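Heads up, the thing below is written out as structure tokens.
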Amino acid sequence: MTVGQTEANAAGEITPRRLRPAAPGLRRKASAGMHVPAILLTPAGLVIAALTLVPIGYLFFTSFTDYDKRTLFTGVFNFVGFQQYAGILSSADFWAALVRTVLFTGAMVAGSVVIGMGVSQLMLRLGVVVRYLVTIVLIVAWAMPNVATSKVWVWLFQPGYGVIPWLITQLRVFGDVTQTDFTNDFWGALIIIWALVVWQAVPFIALTLYAAQTQIDQSMIEAARIDGASEWRVYISITLPFLRPTLGLMTILSIIWDFNVINQIILVAGVQVLKPIATLGVWSYLVAFQSSDVGMGAAIAVITMILLLGITSIYIRSLLKSGEEF
């Protein structure tokens with residue numbers, strides 16, 4: 001029986017009405033229909049498992065072995081259990097690399113989000129034609145491969161004929177820097193890599209925030225302006241609270257992307273320039289491919305992944321507490 005299905009007896013009392021059992025054929029159709037979504041999702045699930053779950057599983061497996069250069073030729077390896085993890089967590093190099101990774105990631109995420117917010121605000125104030133042109137430019141910049149983008153940035157800072165050193169020289173503040181090799185300088189390489197990563201991340205953040213801002217009720221903004229609120233006050237009191245879930249998502253995605261930055265470092269400066277301040281990603285690369293200790297490199301990668309999962313879980317927990325729906 002269900003609520004709301006009642007009938008009156010001879011005494012005028014309301015009693016529940018008995019429901020007829022569903023026909024067997026209907027039950028079979030309902031149970032068969034429940035399997036349709038699973039069947040439709042099976043091909044995509046198999047692709048995800050083949051491209052994501054299997055490599056991650058093999059990474060975990062390798063981190064518990066002494067897989068090295070000898071294994072590449074002989075296929076022989078030994079299980080060492082948590083020996084790799086114990087060695088990493090007790091190493092001063094790991095904690096130093098972790099601190100450097102957090103600081104570098106924080107600088108890149110802050111730059112990406114702040115500049116992305118500024119670009120999204122600019123797009124709201126542009127005309128239709130100019131806005132479309134800016135959107136196309138942002139999409140093209142975002143779609144460029146890391147290798148091509150990194151090589152272009154290296155060319156821009158080339159000593160002798162690079163555009164950026166020439167522009168800096170024209171400012172007549174830092175002197176003549178046209179012959180300076182920024183990619184072989186510690187701080188110069190860091191600045192180039194920071195600018196490159198931020199330049200690649202801004203388009204996605206700006207377009208996402210712009211799309212979110214177009215959903216704000218304009219009557220609220222107009223009412224605030226009529227009451228005398230400044231543009232800055234409108235942004236802080238109305239726009240920013242509305243964008244908070246989107247900003248949270250953009251921030252956590254930027255942390256995941258920037259925490260694993262390694263391609264740009266190697267392509268712009270090479271591992272030798274940044275070896276003294278290797279991040280976790282660079283350190284994992286150096287250990288696995290330069291020192292040929294693949295098992296140790298895999299363990300570093302697993303620890304990095306666990307750290308990112310911890311950060312992601314904190315964000316998801318805050319969303320659940322605030323009642324956000326996925």
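Mapping of the sequence shown onto UniProt numbering: position 174 corresponds to residue 174, and the numbering continues sequentially without gaps.
Just so it is clear, CB atoms sit at the ideal spot from N, CA and C, and this is done for glycine as well.
Because the structure is a prediction, the values reported are computed rather than measured.
Item: Going by DSSP in three states, T65 sits in which element: helix, strand or coil?; Value: strand
Item: Buried or exposed for L243, please, with buried defined as at least 16 other CB atoms from any protein chain shown within 10 angstroms of its CB.; Value: buried
Item: Please list the terminal residues of the continuous alpha helix (DSSP H) segment that includes residue 327.; Value: In this structure the chain extends from 1 to 326, so residue 327 is not present and cannot be described.
Item: First and last residue of the alpha helix (DSSP H) that includes V134?; Value: 128 to 143
Item: Quick check: the Cα distance between L26 and T42, rounded to an integer number of angstroms?; Value: Residue placement at L26 is poorly supported in this model, since its pLDDT is 49, which falls under 50; the coordinates still yield a value, given next. Straight-line Cα distance between these residues: approximately 25 Å.
Item: Can at least three beta-carbon pairs, one atom from the segment 198 to 211 and one from the segment 240 to 254, be found at a separation below 8 Å?; Value: yes
Item: Excluding five sequence neighbours on each side, which residues of the same chain lie with their C-beta closer than 7 Å to the C-beta of I192?; Value: W153, F157, F182, T183, V268
Item: May I have the straight-line CA-CA distance separating V76 from T65, to the nearest angstrom?; Value: 10 Å
Item: By DSSP's criteria, D293 is part of a beta bridge. Which residues make up the other side?; Value: D68
Item: So, are the CB atoms of G160 and T169 less than 9 Å apart?; Value: no
Item: Use the C-beta contact count for I306: other C-beta atoms within 10 angstroms, 16 or more gives buried, fewer gives exposed.; Value: exposed
Item: By a C-beta neighbour count over all protein chains shown, 10 Å radius and 16 as the cutoff for buried, is T214 buried or exposed?; Value: exposed
Item: Do T312 and I256 have their CB atoms nearer than 9 Å?; Value: yes
Item: Rounded to a whole number of angstroms, what is the C-alpha to C-alpha distance between T304 and W194?; Value: 20 Å
Item: Going by beta carbon distance, what residues of the same chain come within less than 7 Å of R173, once the five residues before and after it are set aside?; Value: Per the sequence shown, the amino acid found at residue 173 is Val instead of Arg. Nothing meets the Cβ criterion.
Item: For F157, name the three-state secondary structure that DSSP assigns.; Value: coil
Item: Kindly identify the DSSP beta-bridge partner or partners of F186.; Value: None; F186 has no bridge partner.
Item: When DSSP builds the beta bridges, which residues end up paired with F79?; Value: T65
Item: What did DSSP end up calling S230 once you bin it into helix, strand or coil?; Value: coil
Item: Might you give, ordered along the chain, the residues of its own chain that have their beta carbon closer than 6 Å to the beta carbon of I216, omitting 5 neighbours on each side?; Value: F242
Item: How far does the alpha helix (DSSP H) with Y285 in it extend, from its first residue to its last?; Value: 280 to 285
Item: Output the boundary residues of the alpha helix (DSSP H) element that contains I266.; Value: 263 to 268
Item: According to DSSP, is Q179 helix, strand or coil?; Value: coil
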